[in-house]
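Chains as they are written, first to last, in the working numbering: chain P, 38 to 526; chain Z, 118 to 356; chain C, 610 to 1075.
What follows is a short report on a single structure.
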């Protein structure tokens, strides 16, 4: 019986020329979405690679030219001298903090196009470093990348609706349902097989093609990641299938079903997420970056004006750098002290932004339950490593690296200064104070990525199960006597 | 006389304020064709819905080959076949595919050959057998409907306005099929407005009005009377 | 005719309930969007005024210092908005609104607020433009799909036509009804525009007028399309499915795909490569040589052998020479990058021939001055301001540096010579060439749909004869 119904349903769809059209659509969508997002990730990966190469190249070059520099007595300006600690610290350093895209990146580009993924590090205020970004057409950011998550979250439900809205309804209106029931069939069984077959025709080709592409082209992809991807997509599609079952069980006309389902789609995928975003922003508004600039400016001014006091304070905090105390107030140390003081003054501001974002994130975690689309998107973005969790881990590592660089240069510069390396004699140029660039701390790009939280999936499953229970009850009623929807008229 | 295949006793059904059936009793025997006549709203369709198990009567009893659809709708349905005015088939499947599908739904598994034989028995043109039903005429669809009933070897056949909209020759062909089914022993209940066909085909005619049986004419009477005048008399009485 | 149809459809709609509900929700969403849009516009504009003011004060009160130190100190300028940005914030969140103007460097704008948002924010937030561009067409579809198709299914269409109703009039009445209903949604927007016209010191009459006009055309397009398909397709169900498919394609799929393709066919190097290029192309051996040559030339010109003997401060002159040398390279690199981005914009606009959404989106952002082109206008003006600043400061060093004993310092008098950066968007007419494609595609859609309507009316006439 099961086979008979599935085969007949398939024949019906096939003769409607739907099967081929669907297979083609879903395959093309999977291919285009994957390739587009893959090339996006690849481009970022190449940039990361180029940055790391430049860093290594700088170390090699310095090593190669060291003998020449040691032998030379020419007049070197410190800000142009790669062997001078100060030149490296403030101007010349090729030192990058990078976040390479994960193997799962093509699943959901998420914020990867907006958030910075590499920083060129120098000894300057952290605030000036962490706001670097990749200059791209802002319109492409507004519209977002065409990736697998876009197809899963927006298009798969539409396709499911498009092919399932007249399941059962068309048999009911056409009278075939009556005949089937007289022959011993049931509405419940018919609807079940119709929905299963039709949605499988959409979901399975899409998932198998995209999984195949992920496995073959993104080589480092793990089994767990692949399973998670499929699980999220299946749960989300499952919700939509359950919703179509529910709408179909109301026994209205096919046009009515279509209008209802599209309204549901619009509400859950477009309107509720927009409302959630608006309310998140209203509840905990992000502070103004324009005012932030103002504070940064004021902090820098204050630190500059009080530079002697700043330096004294700095040595109080870092007594190890003030050994002997003599001649320590050189330009570089003073600059680092000023940077330190600006960073400290801005800390409260940075915390404000962070707190606002954390509060927003907190609300987002609660409000995402209002829309399955939000849940699916959040899970996919986190799985792809393009969400906030991994970015925060990256930024924490950047911060640590920034501190490490500052400590390194502060102490090395102080040491060199005490030895008098910057002014060995009246009129002669500085001694090389940094002979091996590999001594400069390097960014640890293997920072730990937090584990994703899959509990919201349970909510999706609960929703789907609830809808299915109601739908089943309603369709069972169709099967019982006294139901006007299947009467002979 | 044998026990009736379709037996309706004192059937009552009310829709809100409206009493659709008030104590209707009918029976159809094996090999008998009963024509059910009556104006619109007389209760013909309600009776059929009760027989098919789509409606639960308020009172009274129905048995089909001894089985009460109120108690065991699945077994009751196995005993009967139903051909509506518009036979609902899948338009994109061919005649034979529809026949096979609906038969297999009723757990009747035959070979392709057997299904083809059935279709030729009901005189479906052989060139149409493998064409999609969407291209069929109304008469051809009805033939597929009869084939489904034949395959099921139903003991009772319920027809709802079977000849309306058929051209005279198709109508004639249809009545021949019905007659041959009756000869095979099927009990046939045919609700119709077509007085000519009723007089020609039926062994008995039951006239109902306002949910009640108002007259029954047996075969012999049918040969003698003008059915139309009898019918009009009863209906006018009812008004 | 119109009145009768209006009355009949109104009764139908009222009884249907669903459309009325949807309309109510849509208008609520629109009002909410207008409110939040206005609020965020106001707070942004306030921040711009406040921070620009305090930056200016900071600049003036920076104290006595060398002009070149002041040049390094620099100034931050902030991009202003037009009141229309409350209705369509466009790319505001995705481009930096602050620019640092300083010596030697042409900076990119900084602080894109999208960077501070959650990944969830990419679902978009409620803005009037979003409601008008995305939701309103859907509402038109949901109200309009049965207008003619259901009449056909019920058989009332044939009856109407048989009783002598003119197909053209019937069609126009139905379409007009749809258009009028959708225009009701423009009312809050029109009122807001009127309000901002009255209350704003510099009204943007042309921009506001065009903004409304473009949306009127856009809503007319959807009304025409809906009525036409409802008339051409045999059943309401098919009309609905066809319209929804078109909607999903034109507002959801095609724009994203179009931009992704545009960025692929006009690829752009990474920001990292660009920054590296800026450094490596400015600070080269050629620059050292050029400066040496400039020095030699200056010495020759004044017939002296030593810069100390020049009648001015050579350091100032060389600084200005260095600026101009770098500016040429900036011009080349930045315009190459811009050309690529412009090409992306144009390709995207070209896709407007496939979907009117792209046309309306482009034109809406354009009139609201929240698109990439207007951002460029701001960035260019800021760069001109930066160059002017450098020139004033360097020439001051050149002309006065040598007069001082020891280190030359200037004061507020010099700082005041640099006017406050007050950027205003030029007249919209000047930007029109950027949007030719979108203007063309919007007109193209209008003409195409009017022709399609004629075809639909002709088919209705044939139906009458059948």
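Glycine included, every Cβ here is placed at the ideal spot set by N, Cα and C.
Taking 8 angstroms as the CB threshold, residue 156 of chain Z stays off the interface with chain P. When the alpha-carbon of residue 150 of chain P is set against those of P:178, P:460, P:222, the nearest one is in P:178. Any Cβ of chain P closer than 8 angstroms to the Cβ of residue 131 of chain Z would place that residue at the interface, and such an atom is absent. The Cβ atoms of residue 149 of chain Z and residue 304 of chain Z sit closer than 8 angstroms to each other.
Close to residue 190 of chain Z, with beta-carbon spacing below 8 angstroms, are these residues of chain P in chain order: 518.
From the beta-carbon of residue 168 of chain P, the residues of chain C found nearer than 7 angstroms are 719, 720. For the segment 162-192 of chain Z, the residues whose beta carbon sits under 7 angstroms from a beta carbon of chain P are, in order, 162, 165, 166, 169, 170, 171, 172, 173, 190, 191. Pairing residue 49 of chain P with residue 210 of chain Z gives a Cβ-Cβ distance under 8 angstroms. Proximity of chain P to residue 739 of chain C at the Cβ level (cut-off 8 angstroms) is accounted for by 311, in chain order.
Between residue 240 of chain P and residue 274 of chain P, the C-beta gap is smaller than 8 angstroms, which places the two residues in contact.
Looking at the DSSP output, residue 135 of chain P bridges to P:155.
Residue 335 of chain Z has Z:321 as its beta-bridge partners, per DSSP. Close CB contacts of residue 431 of chain P within its chain, under the 7 angstroms cut and outside five residues either way in sequence, are with 136, 484 (chain order). Taking CB atoms only, residue 201 of chain Z has a neighbour in chain P less than 8 angstroms away.
Around residue 486 of chain P, the same chain offers 139, 422, 426, 427, 430 as residues with beta carbons nearer than 8 angstroms, after the five sequence neighbours per side are excluded. As summarised for the segment 649-688 of chain C, the continuous beta strand (DSSP E) elements at least 3 residues long and confined to that stretch are 684-687, given in chain order.
With a contact defined as Cβ atoms closer than 8 angstroms, residue 844 of chain C and residue 762 of chain C qualify at about 6 angstroms. The C-alpha of residue 191 of chain Z lies about 57 angstroms from the C-alpha of residue 727 of chain C.
For residue 76 of chain P, the three-state secondary structure derived from DSSP is helix.
Excluding five sequence positions before and after residue 261 of chain Z, the CB atoms of its chain that fall closer than 8 angstroms to its own CB belong to 204, 206, 212, 215, 216, 236, 239, 241, 250, 253, given in chain order. With fewer than 16 other Cβ atoms inside 10 Å of its own Cβ, residue 815 of chain C counts as exposed. For residue 900 of chain C, the enclosing alpha helix (DSSP H) begins and ends at 894-911. In this structure, residue 71 of chain P lies near residue 250 of chain P, with their beta-carbon atoms less than 8 angstroms apart. Residue 348 of chain P and residue 1009 of chain C have their C-alpha atoms some 33 angstroms from each other. Less than 8 angstroms divides the Cβ of residue 169 of chain Z from the Cβ of residue 199 of chain Z. Cβ-Cβ distances below 6 angstroms link residue 180 of chain Z to 124 in the same chain, with the five nearest sequence neighbours on each side left out; the list follows chain order. Beta-bridge partners of residue 178 of chain Z (DSSP): Z:126. With a beta-carbon spacing of about 6 angstroms, residue 168 of chain P and residue 719 of chain C fall inside the 8 angstroms limit used to define contacts. Residue environment for residue 449 of chain P: buried (at least 16 other C-beta atoms within 10 angstroms of its C-beta).
Legend: CB atoms of the segment 872-894 of chain C lying less than 8 angstroms from CB atoms of chain P belong to residues 872, 873, 877, 879, 880, 881, 882, 883, 884, 885. Neighbours of residue 213 of chain P in chain Z, taken as residues at a C-beta separation under 8 angstroms, are given in chain order as 205, 206, 207.
A Cβ-Cβ distance of about 7 angstroms is found for the pair residue 877 of chain C and residue 946 of chain C, placing them in contact under the 8 angstroms criterion.
In this structure residue 630 of chain C is exposed. Its beta-carbon is surrounded by fewer than 16 other beta-carbon atoms within 10 angstroms. Residue range 707-710 is occupied by the beta strand (DSSP E) that includes residue 709 of chain C. Against residue 448 of chain P, chain C offers no close residue; the least beta-carbon distance is about 27 angstroms (beta-carbon pairs closer than 7 angstroms). Each of P:52, P:228, P:442 was checked against the Cα of residue 513 of chain P, and the nearest Cα belongs to P:228.
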